[in-house]
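I have placed the structure first, in the form of structure tokens, so that the comments after it can refer back to it.
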Amino acid sequence: MFIRTTLFSLFLLSHGFAAISAETGRDPTRFQADIDSFETNDNSSPPRQIKVVFVGSSSIRMWNLQKSFPGMEFLNRGFGGSEIADSTHYFNELIGKHHPRLVVFYAGDNDVAAGNTAEQVHADFKEFVETFKAELPDASLAYIAIKPSVARWSMADTMQKANTLIAADCEADDQLTFIDVWPVMLGDDGQPRPDIFLGDGLHMNDKGYEMWAELLQPILKK
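Residues -21 to -1, 1 to 201 (mature numbering (1 follows the signal peptide of the UniProt record, and there is no 0)) are what the sequence shown spells out, left to right.
Here is the structure:
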């Protein structure tokens, strides 16, 4: 009886921890306040034709798009700390309802930092693409590679493996474009360039964003 009770208690305990882990690490509703803020902004602004939606984690949120792409009709729908699956969950609120011709997507950085394997990041990307194609069959998607950074350089192998898997998908699909940012973000020593990052070694400064903007220009002009 004691053994049975103990095993049952361990079962409940392990499942309780699993539930907590899922809620704190993967539950997309943790970003509901960000989504509500976007909704408020959408409702307070007059309707307009949005050609490009930028979506993803803090590297998108912190991007001064007006400076990088003056005169372009776009929306910035970046929300810090998000993973690929979060943008899939809120696809309609973030992207779909605006019917853009192009989606620029950056996510995967936080996925790897959270301990996800390259294969899991790739699987989440494929789910995002599936939703994208169902909702926006005539649009294009530009995926910015998971970037190298000083702060997360120890995770570079996993990031590059995920990038390789995602790049292969993009190469095989005319709707998708893979933007490889690694060549411009690494120095001659093969390490991330400190001069393109803020003090945290993770988020980029203006110089870093200038590099990204230059890589995106050919896509935006199509």
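Where is the CB? At the ideal position from N, CA and C, for every residue including glycine.
* For Phe53, which residues does DSSP report across the bridge? -> Counted from its first residue, the sequence shown places residue 53 at position 74. For Phe53, which the question treats as bridged, DSSP gives the partners Val31.
* **Endpoints, the beta strand (DSSP E) within which Phe84 is located** => In the sequence shown, the residue the question calls residue 84 occupies position 105. Unbroken beta strand (DSSP E) run through Phe84: 81 to 85.
* Asked: Exposed or buried, what is Thr3 when buried is set at 16 or more other beta-carbons lying within 10 Å of its beta-carbon?
  -> Residue 3 sits at position 24 when you count from the first residue of the sequence shown. Residue placement at Thr3 is flagged as unreliable, the pLDDT there being 36, under the threshold of 50; the coordinate-derived value follows with that caveat. Thr3 is exposed by the Cβ-count criterion.
* Check: Phe107 C-beta below 8 Å from any heavy atom of the ligand MG -> Ligands displayed in this structure: none; no statement on the ligand MG is therefore possible.
* **Option in Phe104, Pro79, Met183, Glu72 with minimal Cα separation from Ala86** => Here residue 86 refers to the residue found at position 107 when the sequence shown is read from its first residue. Restricting attention to Phe104, Pro79, Met183, Glu72, the CA atom closest to the CA of Ala86 is found in Phe104.
* **Closest Cα partner of Ile74 within the set Ile125, Leu177, Val108, Gly60** => Stepping through the sequence shown from its first residue, residue 74 is reached at position 95. Ranked by Cα distance from Ile74, the first of Ile125, Leu177, Val108, Gly60 is Val108.
* **Cβ-based neighbour list, residue 233, same chain, cut-off 7 Å, excluding 5 preceding and 5 following** => With the chain represented from -21 up to 201, any question about residue 233 goes unanswered, as that position is not in the structure.
* To do: Return yes when the Cβ of Ser128 is within less than 9 Å of the Cβ of Pro171, no when it is not.
  => As a first step, residue 171 is located in the sequence shown; it is residue number 192 there, counting from the start. As a first step, residue 128 is located in the sequence shown; it is residue number 149 there, counting from the start. Going by beta carbons, Pro171 and Ser128 fall inside the 9 Å limit.
* Asked: According to DSSP, which residues form a beta bridge with Ser24?
  -> Numbered from 1 along the sequence shown, position 45 holds the residue referred to as residue 24. Residue pairing of Ser24 in beta bridges, as defined by DSSP: absent, with no partner found.
* Do you know how far the Cα of Asp148 is from the Cα of His78? -> Mapped onto the sequence shown, residue 78 falls at position 99. Mapped onto the sequence shown, residue 148 falls at position 169. Just so you know, the alpha carbons of His78 and Asp148 end up roughly 23 Å apart.
* To do: Rounded to whole angstroms, what's the CA-CA distance from Gln45 to Gly57? Just pull it up for me.
  => One-based indexing of the sequence shown puts residue 45 at position 66. One-based indexing of the sequence shown puts residue 57 at position 78. If I take the Cα positions, the gap works out to 14 Å.
* **Which of helix, strand or coil DSSP assigns to Ile123** => Counted from its first residue, the sequence shown places residue 123 at position 144. Note: Ile123 maps to strand in three-state DSSP.
* To do: Closer than 6 Å by C-beta to Gln99: which residues in its own chain qualify, once you throw out the five before and the five after it? Chain order, please.
  => On the sequence shown, residue 99 is found 120 positions in, with the first residue counted as 1. Result list for Gln99: empty, nothing under 6 Å.
* DSSP on Phe48, reduced to helix/strand/coil? -> Start at 1 with the first residue of the sequence shown, and residue 48 comes out as number 69. DSSP, reduced to helix, strand and coil, places Phe48 outside both helices and strands of the structure shown, so it counts as coil.
* Express the C-alpha separation of Asp159 and Asp179 in angstroms, rounding to a whole number. => Translated into the one-based positions of the sequence shown, residue 179 becomes position 200. Translated into the one-based positions of the sequence shown, residue 159 becomes position 180. Taking C-alpha positions only, Asp179 is separated from Asp159 by approximately 22 Å.
* Please classify Arg131: is it buried, with 16 or more other beta-carbons within 10 angstroms of its beta-carbon, or exposed? => For the purposes of this step, residue 131 is identified with residue 152 of the sequence shown, where counting begins at 1. Buried is the call here.
* Asked: If Ala93 and Glu62 are in contact, beta carbons under 8 Å, what's the gap, nearest whole angstrom?
  -> In the sequence shown, the residue the question calls residue 93 occupies position 114. In the sequence shown, the residue the question calls residue 62 occupies position 83. Indeed, because the Cβ distance is near 7 Å, the residues count as touching under 8 Å.
* Asked: When the Cα atoms are used, what is the spatial distance from Ser119 to Pro173?
  -> For the purposes of this step, residue 119 is taken as residue 140 along the sequence shown, with counting starting at 1. For the purposes of this step, residue 173 is taken as residue 194 along the sequence shown, with counting starting at 1. One C-alpha to the other measures close to 32 Å.
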